[in-house]
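Residue 301 in the working numbering is what sits at position 247 of the sequence shown, and the numbering runs on without skipping anything.
Each residue gets a CB set at the ideal place from its N, CA and C atoms; glycine is no exception.
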Amino acid sequence: MKKTLTKAQIRQAVEEAYAECKDIKGGVNAHYIPFLANVNPDLFGISLTLLDGTQISVGDTEYKFGVESVSKVLTAILILKQYGAEAVLKQIGADATGLPFNSIFAILLENDHPSTPLVNAGAISACSMVKPQGDSWGKWEAIINNFEALCGSRSEVLDELYRSESETNFQNRSIAWLLKDYNRIYDDVPMSLDLYTRQCSIGITASQLAVCAGTIANGGVNPVTKEEVFARDLAPKITTLISSVGFYQNTGDWMYTSGIPAKSGVGGGVLGVLPGLLGVAAFAPPLDEAGNSVKAQAAIKSIMNKLGLGVFNGDTVEIVD
Ligand code: GLN
Numbered sequence: 055m056k057k058t059l060t061k062a063q064i065r066q067a068v069e070e071a072y073a074e075c076k077d078i079k080g081g082v083n084a085h086y087i088p089f090l091a092n093v094n095p096d097l098f099g100i101s102l103t104l105l106d107g108t109q110i111s112v113g114d115t116e117y118k119f120g121v122e123s124v125s126k127v128l129t130a131i132l133i134l135k136q137y138g139a140e141a142v143l144k145q146i147g148a149d150a151t152g153l154p155f156n157s158i159f160a161i162l163l164e165n166d167h168p169s170t171p172l173v174n175a176g177a178i179s180a181c182s183m184v185k186p187q188g189d190s191w192g193k194w195e196a197i198i199n200n201f202e203a204l205c206g207s208r209s210e211v212l213d214e215l216y217r218s219e220s221e222t223n224f225q226n227r228s229i230a231w232l233l234k235d236y237n238r239i240y241d242d243v244p245m246s247l248d249l250y251t252r253q254c255s256i257g258i259t260a261s262q263l264a265v266c267a268g269t270i271a272n273g274g275v276n277p278v279t280k281e282e283v284f285a286r287d288l289a290p291k292i293t294t295l296i297s298s299v300g301f302y303q304n305t306g307d308w309m310y311t312s313g314i315p316a317k318s319g320v321g322g323g324v325l326g327v328l329p330g331l332l333g334v335a336a337f338a339p340p341l342d343e344a345g346n347s348v349k350a351q352a353a354i355k356s357i358m359n360k361l362g363l364g365v366f367n368g369d370t371v372e373i374v375d
């Protein structure tokens with residue numbers, strides 16, 4: 055079916071979603087990272103980026119929260135750029151685990167590869183792949199510059215969060231060394247783990263994440279800066295990864311009920327991509343049992359349902375002024 059949406063309709067859907075969801079209770083802040091446990095649980099923002107660069111933002115969309123696992127998407131794009139889709143499939147994989155983000159069991163079950171760059175194991179492996187090899191500073195520059203290109207503005211590490219994560223990331227240390235044993239860490243192990251921890255500690259806003267989502271939806275061209283950040287043929291690869299595992303063990307339920315490939319982080323952020331149409335991000339700290347923001351999920355679902363959008367709907371959608 056052919057569908058036409060106006061920007062005013064989209065703005066109204068975002069505003070209504072915000073109003074509907076802002077008083078939702080339920081969920082708790084990530085408590086295994088002390089810094090995140092203390093973030094104000096009432097913060098809430100929704101931002102949406104259209105492919106002509108229009109941004110629609112409501113609520114706390116300029117608040118810098120911990121990007122956490124949403125960072126996995128950005129660094130997966132970086133290694134897709136540096137190595138190509140085939141090498142990422144071989145060296146890391148593109149399978150859902152159906153298990154929690156930090157599952158060691160998932161690695162043991164598939165010890166020939168860490169499944170996907172969008173769970174902790176694959177993301178640490180991805181950081182180990184980032185070029186230039188053996189150069190911690192150069193690798194970090196590549197990671198943070200890639201963030202800037204995708205989001206259209208610079209981000210920085212939240213130092214206190216980085217310290218908090220580094221002091222408590224015992225499970226990730228086990229994952230890194232287990233992967234080393236399976237020859238799936240392609241650079242120095244402590245360095246790769248540190249890069250992963252540091253990228254998770256980057257402070258990001260919902261509006262930055264919405265621009266990043268818009269860049270993916272726009273086939274690699276940042277809709278705000280107009281820069282070509284990655285090649286068009288990589289866009290379906292990254293969106294496939296997001297749709298298969300973006301909400302970990304709850305990904306199937308999420309896709310079924312929302313219709314939009316999306317990736318969450320324990321900082322409370324969610325980034326959603328509707329290819330060829332728009333990028334969306336929402337942020338609210340309290341999480342469900344799988345580590346996905348309760349309010350951000352509700353808000354994005356509400357927008358999708360109100361506008362009748364869905365990646366599998368088979369509609370041709372045009373957005374007009
Ligand atoms: N830094 C967090 C961790 O490694 C990220 C997890 C997440 O956001 N799901 O545990």
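Do residue i and residue j have their C-beta atoms closer together than 8 Å?
| i | j | result |
| --- | --- | --- |
| Val265 | Thr103 | yes |
| Glu371 | Leu325 | Reading off the sequence shown, one finds Val at residue 371, where the question assumed Glu. No, the pair does not count as a contact, with Cβ atoms beyond the cut-off. |
| Pro340 | Gly120 | no |
| Ile296 | Ala316 | yes |
| Ile131 | Phe284 | yes |
| Gly300 | Leu172 | yes |
| Ala352 | Cys75 | yes |
| Leu361 | Gln145 | no |
| Ser179 | Pro168 | yes |
| Gln187 | Asp241 | yes |
| Ser209 | Ile258 | yes |
| Glu214 | Phe89 | yes |
| Asn276 | Gly206 | yes |
| Lys185 | Ala177 | no |
| Ser218 | Ile87 | yes |
| Thr108 | Lys61 | yes |
Would you decide whether residue i is buried or exposed? Buried here means 16 or more other CB atoms lie within 10 Å of its CB.
| i | result |
| --- | --- |
| His85 | exposed |
| Phe224 | exposed |
| Gly323 | buried |
| Ser318 | buried |
| Trp231 | exposed |
| Asp375 | exposed |
| Trp191 | exposed |
| Asn165 | exposed |
| Glu122 | buried |
| Asn83 | buried |
| Ala73 | exposed |
When you compare only the Cα positions, how much space is there between residue i and residue j?
| i | j | result |
| --- | --- | --- |
| Asn200 | Ser125 | 11 Å |
| Gln66 | Leu59 | 11 Å |
| Gly147 | Ile110 | 35 Å |
| Tyr302 | Thr222 | 22 Å |
| Lys193 | Leu212 | 18 Å |
| Asp287 | Met245 | 30 Å |
| Asn359 | Val243 | 44 Å |
| Phe159 | Ala267 | 30 Å |
| Thr279 | Lys135 | 19 Å |
| Pro329 | Val365 | 8 Å |
| Asp342 | Val348 | 6 Å |
Output needed for residue i: all residues of its chain with C-beta closer than 6 Å, excluding positions within five of it in sequence on either side, in chain order.
| i | result |
| --- | --- |
| Ser220 | Thr251 |
| Ala336 | Ile100, Val324, Ala350, Ala353, Ile354 |
| Asn272 | Leu105 |
| Asn304 | Ala344 |
To which residues of the same chain is residue i closer than 7 Å at the C-beta, ignoring the five residues directly before and after it?
| i | result |
| --- | --- |
| Glu69 | Val112 |
| Thr311 | Lys355 |
| Tyr236 | Asn165 |
Since I believe residue j is in contact with residue i (beta carbons under 8 Å), could you give me their beta-carbon distance rounded to a whole number of angstroms?
| i | j | result |
| --- | --- | --- |
| Ile357 | Ala71 | 5 Å |
| Ala175 | Leu233 | 6 Å |
| Glu281 | Ala203 | 6 Å |
Please indicate yes or no: does the CB of residue i lie closer than 7 Å to some heavy atom of ligand 3?
| i | result |
| --- | --- |
| Cys266 | Although ligand 3 was asked about, the structure shown includes only ligand 1 as ligands. |
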